[in-house]
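Quick note, the sequences are listed as chains D and R, same order. Under the numbering used here, the first sequence is numbered contiguously, ending at residue 419. Under the numbering used here, the second sequence is numbered contiguously, ending at residue 419.
Protein chains: 2
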Amino acid sequence: MSLARTMEGLMAGNSVIRKMFEMGQEMAKNYGKDQVYDFSLGNPVAPVPYEVKNAIISLLENQDPHEIHGYMKNAGFDDVRTQVAEHLNSRFGQNYHKDNILLCAGAAGGLNILMRCLLDEEDEVLCFAPYFTEYKSYVSHYKGKLAVVPMRADDFSLNLDAAERMIRQRTKAVILNNPNNPSGIIYSEEELLLLTKMLKEAEERVGHPIYLICDEPYRELAYDGREVPYLPNLYRNSIYLYSFSKTLSIPGERIGYMAISDAVEDGELLMQAAIITGRTLGFVNAPSLFQKVIGQCLDVKIDLGFYDRNRKLLYTELTEMGFTCVPPQGAFYLLVKSPLEDTESFVKLAEKQHIILVPTDGFGLPGYFRLAYCVPYEKIEASLPAFRALAEDCRNWESEKEAEEER
Amino acid sequence: MSLARTMEGLMAGNSVIRKMFEMGQEMAKNYGKDQVYDFSLGNPVAPVPYEVKNAIISLLENQDPHEIHGYMKNAGFDDVRTQVAEHLNSRFGQNYHKDNILLCAGAAGGLNILMRCLLDEEDEVLCFAPYFTEYKSYVSHYKGKLAVVPMRADDFSLNLDAAERMIRQRTKAVILNNPNNPSGIIYSEEELLLLTKMLKEAEERVGHPIYLICDEPYRELAYDGREVPYLPNLYRNSIYLYSFSKTLSIPGERIGYMAISDAVEDGELLMQAAIITGRTLGFVNAPSLFQKVIGQCLDVKIDLGFYDRNRKLLYTELTEMGFTCVPPQGAFYLLVKSPLEDTESFVKLAEKQHIILVPTDGFGLPGYFRLAYCVPYEKIEASLPAFRALAEDCRNWESEKEAEEER
């Protein structure tokens, strides 16, 4: 074998999201884009705020091209790091300064940097099911272990009893994704206070910091006026990760940041390590022009209504059709329970209706499907007859199966 | 220790280039930018070609923002991959097609992706001294070993005898950086034919492919009409890595590509692995706007004269002052031999003259210093008196030392 043996697992577990996305692309070629209802990929379609284009043009017109396209300190432009720190301070009452901020290639880049910094072979990272499926790979690159806290049956709250039992000496960190992909749940302050209390006790027990990695690319997508609690205010050893992919609809540009406050145990050392790791993992620095762009767009608000309309329409209609859905509170994902026990047959029936959904087995949640409703509203409207037919097909499939079993 | 134990080595060996760069910044603050001659960092200062700005503005004006800032296939935009393939075909007579091309975050991003794809624990990668110091980290992230082929004394040609002896069963790849950083040498076709002949024989001996990773961010910086041979034309199992950092003076933007031709053994598998690895290492995709930009700038030529003038002035003047320099053929680095046996004292004498050089011990080349002459011409002119004083200081230092020894 020419490749590393350890690539086998990685390739076998290749993202089902991407597979479904590519199937959708294929279908669109065969049947026409209008005839395919692709809910596979979290590709933001809310308008890119005009401030993004304005910022780019103003940077091109007014600044030295060597400054905006050139190398800077590996941690990012100092002025932008200061802007990010001040933004977080004014919004969440923190005391960040520029040296607490690392500009990185989205939250995914930041997570890889952290895994490299924290994990020796066999070290563990905890996360809660359902979880973003890529965490497994992020951890395995550095030979760590992702320990997935199982859900209580059909209960999307944090299973803290199980988590507490699973924390051991080798547990270096917990990743929490809030709002959650794929469930669309927002963990409440009450729940997070219980989590952080448990973690503080666990830290005393194991005698070293257990970093709480706050993976929050969906922070701005919180509906019905819900608040997403700022975890660094609740737990000292929090490492905050943010991405502008969803807020500014620029996921291709790979821009986000990591914030490690002075309160974090060994925080300064960890920041130094993260800067060096970011460079040596080949990121070198976050893309430079977009560092400057987000510096000018920190207060730009997303048009939340854009996704909220989709959320309401899809949830209401699917529920009415008889599908069981998890009420979505944040992000742009809707979880639908498979109406059939045999989920593979459900995928096939959906495909027959040209509906592309992502099974969430890989997210630690078998029996469910994720719909990314970051699509044009008209697309959802147009998909409703297909969903209705799918509901009907499912009922027929069940009764045919029953009839077959009776024979 | 909160951090991974394996971070200790990485942090201890933190880039001396960056350390010197930051020292230069500090000095500039204290003495004024004009009074500091900083040759530490390979930060391209040739003008950013106007085509870059034009491409960005035309993309912003004419294309759907969701297309230019959004997700695409992890390998990159299909149209840009096709453009890159066609560019390489017309230039080097290859037969690339889009599926041979992966757009990645510069050559550094591509190298990390390849190391993850190829290396199990203890697998080896060969490189030739002097070598780009970051290779060590790229390999160690995935628990591989960098085996450095030593130089023959003061001979900057490839030490093929030693290389041949060092290739073993666990050797997965050889990295060759041409033009070379830090030496400024361009390996000739004759030399490379000997290398590839040796590698083909070694492949037969070990019974598996030994990939030749062609790390060529400096390809366009070849002076005096020298040609940089295209290695994939000489060796089947070549993996070609390119970056636009130097060609377009946009190193902050992190954009480059990897090309794996159909001829490469297990090449299709390797490309698949690279795409998945790029995603899961947290790159996700190369920055999207700049994918489109380089698609429009593939034939843009750098103003080579910009660096060539610097090269000639610096080489001529330093040689006249009595410094021993390696005649620079490519890239924008000049190697100067330490006039003192005690290199630390030389660094201190240089500092006294506000000259910032990088010792090349970390590049596998003790006793030398790297000058990155990618600075304004006027800077080099202004630095000459300081170099003259340094040469004088070195002579005094030697004679004082002799006098001391006689006492």
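Where is the CB? At the ideal position from N, CA and C, for every residue including glycine.
Check your understanding: Hey, would you say isoleucine 187 of chain R sits closer than 7 Å to isoleucine 225 of chain R, going by beta carbons?
Key -> Taking the second sequence and counting its residues from 1, the one referred to as residue 187 of chain R is at position 175. Taking the second sequence and counting its residues from 1, the one referred to as residue 225 of chain R is at position 213. Taking 7 Å as the Cβ cut-off, isoleucine 187 of chain R and isoleucine 225 of chain R qualify as a contacting pair.
Exercise for review: Indicate the three-state DSSP secondary structure (helix, strand or coil) for methionine 270 of chain R in the structure shown.
Suggested key: Sequence index remark: in the second sequence, residue 270 of chain R carries index 258 (1-based). Methionine 270 of chain R falls in the strand class under three-state DSSP.
Check your understanding: the region 42-70 of chain D: which residues have C-beta closer than 9 Å to a C-beta of chain R, in chain order?
Key -> Leu53, Gly54, Asn55, Pro56, Val57, Pro59, Val60, Val64, Lys65, Ile68, Ile69
Point to revise | C-alpha distance - asparagine 101 of chain R paired with glycine 268 of chain R, whole-angstrom precision | key: If you number the second sequence from 1, residue 101 of chain R lands on position 89. If you number the second sequence from 1, residue 268 of chain R lands on position 256. Cα to Cα, asparagine 101 of chain R sits roughly 17 Å from glycine 268 of chain R.
Check your understanding: For a contact meaning CB atoms closer than 7 Å, what does valine 312 of chain D contact in chain R?
Key -> Walking along the first sequence from the start, residue 312 of chain D turns up at place 300. Per Cβ cutoff of 7 Å: no residues; valine 312 of chain D is ~14 Å from chain R at best.
**Study point:** Residue closest to aspartate 373 of chain R, alpha-carbon to alpha-carbon, out of R:Leu114, R:Asp405, R:Asp354, R:Gly105
**Key:** Here residue 373 of chain R refers to the residue found at position 361 when the second sequence is read from its first residue. Answer by Cα proximity: R:Asp354.
Review point. What's the C-alpha gap between alanine 120 of chain D and proline 388 of chain R?
Key: On the first sequence, residue 120 of chain D is found 108 positions in, with the first residue counted as 1. On the second sequence, residue 388 of chain R is found 376 positions in, with the first residue counted as 1. Looking at the two C-alpha atoms, the distance is approximately 37 Å.
Exercise for review: Compare the C-alpha of isoleucine 367 of chain R against each of R:Pro378, R:Leu377, R:Gly379, R:Leu383 and name the closest.
Suggested key: In the second sequence, counting from the first residue as 1, residue 367 of chain R sits at position 355. When each option's Cα is compared against that of isoleucine 367 of chain R, the closest is R:Leu383.
Check your understanding: Where does aspartate 405 of chain D land, buried or exposed, given buried means 16+ other C-beta within 10 angstroms?
Key -> Reading the first sequence from its first residue, position 393 is the one you call residue 405 of chain D. The residue in question, aspartate 405 of chain D, is buried, as its Cβ has 16 or more Cβ neighbours within 10 Å.
Point to revise | Nearest candidate by alpha-carbon position, reference glycine 21 of chain R, set R:Val151, R:Phe33, R:Gly342 | key: Along the second sequence, read from residue 1 onward, the residue named residue 21 of chain R stands at position 9. Closest option to glycine 21 of chain R, Cα to Cα, is R:Val151.
Point to revise | Residue environment, leucine 293 of chain D, which counts as buried when at least 16 other CB atoms sit within 10 Å | key: Position 281 of the first sequence, counted from the start, is the residue given in the question as residue 293 of chain D. Burial call: buried.
Check your understanding: Counting along the chain, where does the alpha helix (DSSP H) carrying valine 359 of chain D start and finish?
Key -> Within the first sequence, the letter at position 347 stands for residue 359 of chain D. Start and end: 355-364.
Exercise for review: Could you check if aspartate 227 of chain D is buried or exposed, using at least 16 other CB atoms within 10 Å of its CB as the buried criterion?
Suggested key: Here residue 227 of chain D corresponds to residue number 215 of the first sequence, with the count starting at 1. That one is buried.
Check your understanding: Where in the region 311-346 of chain R do unbroken runs of the alpha helix (DSSP H), each at least 4 residues long, occur, reported from the N-terminal end onward?
Key -> 316-333
Review point. Is there at least one Cβ from chain R nearer than 7 Å to serine 250 of chain D's Cβ?
Key: Residue numbering aside, residue 250 of chain D sits at position 238 when the first sequence is read from its first letter. No, no contact with chain R.
Practice item. With a floor of 4 residues, list each alpha helix (DSSP H) that falls wholly inside the region 64-109 of chain D, ordered by position along the chain. Key: 77-81, 90-104
Exercise for review: Quick one: which residues of the region 322-354 of chain D get their C-beta closer than 7 Å to a C-beta of chain R? List them in chain order.
Suggested key: none
Review point. Name the chain R residues whose beta carbon is nearer than 7 Å to that of glutamate 265 of chain D?
Key: Looking up residue 265 of chain D in the first sequence gives position 253. Within 7 Å Cβ-Cβ: His81, Pro299, Ser300, Leu301.
Exercise for review: Since I believe isoleucine 306 of chain D is in contact with isoleucine 68 of chain R (beta carbons under 8 Å), could you give me their beta-carbon distance rounded to a whole number of angstroms?
Suggested key: Within the second sequence, numbered from 1, the residue matching residue 68 of chain R stands at position 56. Within the first sequence, numbered from 1, the residue matching residue 306 of chain D stands at position 294. Wrong, their Cβ atoms sit about 16 Å apart, outside the cutoff.
Check your understanding: Between the Cα of phenylalanine 399 of chain R and the Cα atoms of R:Ala16, R:Leu325, R:Glu216, R:Ser195, which residue gives the shortest distance?
Key -> On the second sequence, residue 399 of chain R is found 387 positions in, with the first residue counted as 1. Comparing Cα-Cα distances from phenylalanine 399 of chain R to each of R:Ala16, R:Leu325, R:Glu216, R:Ser195, the minimum goes to R:Leu325.
Review point. Which two residues bound the contiguous beta strand (DSSP E) that contains arginine 382 of chain D?
Key: On the first sequence, residue 382 of chain D is found 370 positions in, with the first residue counted as 1. From DSSP, the beta strand (DSSP E) with arginine 382 of chain D extends over 380-384.
Practice item. Kindly list, in the order they appear in chain D, the residues whose Cβ is closer than 7 Å to that of methionine 19 of chain R. Key: For the purposes of this step, residue 19 of chain R is identified with residue 7 of the second sequence, where counting begins at 1. Result: Cys129, Ala285.
Review point. So what does serine 255 of chain R bridge to, in DSSP terms?
Key: Locating residue 255 of chain R in the second sequence gives position 243, where the first residue counts as 1. Serine 255 of chain R pairs with R:Gly268.
Review point. When you compare each of R:Ser395, R:Tyr385, R:Ser411 to serine 420 of chain R by their alpha carbons, which one comes out closest?
Key: There is simply no residue 420 of chain R to check, as chain R begins at 13 and stops at 419 in what is shown.
Point to revise | Contact set between serine 296 of chain D and chain R, taken where Cβ atoms lie within less than 7 Å | key: One-based indexing of the first sequence puts residue 296 of chain D at position 284. At residue 296 of chain D the sequence reads valine, which differs from the serine that was named. What valine 296 of chain D touches in chain R: Gly118, Ala120, Arg266.
Check your understanding: What is the DSSP secondary structure of cysteine 309 of chain R, reduced to helix, strand or coil?
Key -> Stepping through the second sequence from its first residue, residue 309 of chain R is reached at position 297. In the structure shown, cysteine 309 of chain R sits in coil (DSSP, three-state: anything other than H, G, I, E or B).
**Study point:** Counterpart residues of valine 20 of chain R in DSSP-defined beta bridges
**Key:** As a position in the second sequence, residue 20 of chain R is number 8, starting the count at 1. In the sequence on display, residue 20 of chain R carries glutamate and not valine. The partner list for glutamate 20 of chain R (beta bridge, DSSP) is empty, contrary to what the question assumes.
**Study point:** Rounded straight-line distance, which links the Cα of leucine 301 of chain R to that of isoleucine 314 of chain D
**Key:** Numbered from 1 along the first sequence, position 302 holds the residue referred to as residue 314 of chain D. Numbered from 1 along the second sequence, position 289 holds the residue referred to as residue 301 of chain R. One C-alpha to the other measures close to 20 Å.
Exercise for review: Counting only the same chain and skipping the five closest in sequence on each side, list residues whose C-beta sits under 6 Å from that of leucine 365 of chain R.
Suggested key: Locating residue 365 of chain R in the second sequence gives position 353, where the first residue counts as 1. Rather than leucine, the amino acid found at residue 365 of chain R in this sequence is glutamine. Ala398, Ala401, Leu402.
Check your understanding: Which one of R:Asp167, R:Pro371, R:Asp76, R:Val92 has the shortest CA to CA distance from isoleucine 197 of chain R?
Key -> In the second sequence, the residue the question calls residue 197 of chain R occupies position 185. When each option's Cα is compared against that of isoleucine 197 of chain R, the closest is R:Asp167.
**Study point:** chain D contact for serine 273 of chain R (CB, 7 Å cutoff)
**Key:** Counting from 1 along the second sequence, the entry for residue 273 of chain R is found at position 261. So, not an interface residue.
Check your understanding: Mind listing which residues of the region 201-231 of chain R have their C-beta closer than 9 Å to chain D's C-betas, in chain order?
Key -> His220, Pro221, Tyr223
**Study point:** Residue interval of the alpha helix (DSSP H) (run including asparagine 124 of chain D)
**Key:** To locate residue 124 of chain D, count along the first sequence from 1; it is residue 112. Taken as a continuous stretch (DSSP letters only), the alpha helix (DSSP H) holding asparagine 124 of chain D covers 118-130.
Check your understanding: Is it the case that the Cβ atoms of leucine 114 of chain D and methionine 270 of chain D are separated by a distance below 7 Å?
Key -> For the purposes of this step, residue 114 of chain D is identified with residue 102 of the first sequence, where counting begins at 1. For the purposes of this step, residue 270 of chain D is identified with residue 258 of the first sequence, where counting begins at 1. Against a cut-off of 7 Å, the Cβ pair of methionine 270 of chain D and leucine 114 of chain D comes out as a contact.
**Study point:** Chain-ordered chain R contacts of proline 77 of chain D [CB-CB under 9 Å]
**Key:** As a position in the first sequence, residue 77 of chain D is number 65, starting the count at 1. The answer, in chain order, is Pro59, Val60, Val64, Lys65, Ser261, Ile262.
Review point. Can you name the start and end residues of the alpha helix (DSSP H) that asparagine 408 of chain D belongs to?
Key: Numbered from 1 along the first sequence, position 396 holds the residue referred to as residue 408 of chain D. From DSSP, the alpha helix (DSSP H) with asparagine 408 of chain D extends over 389-418.
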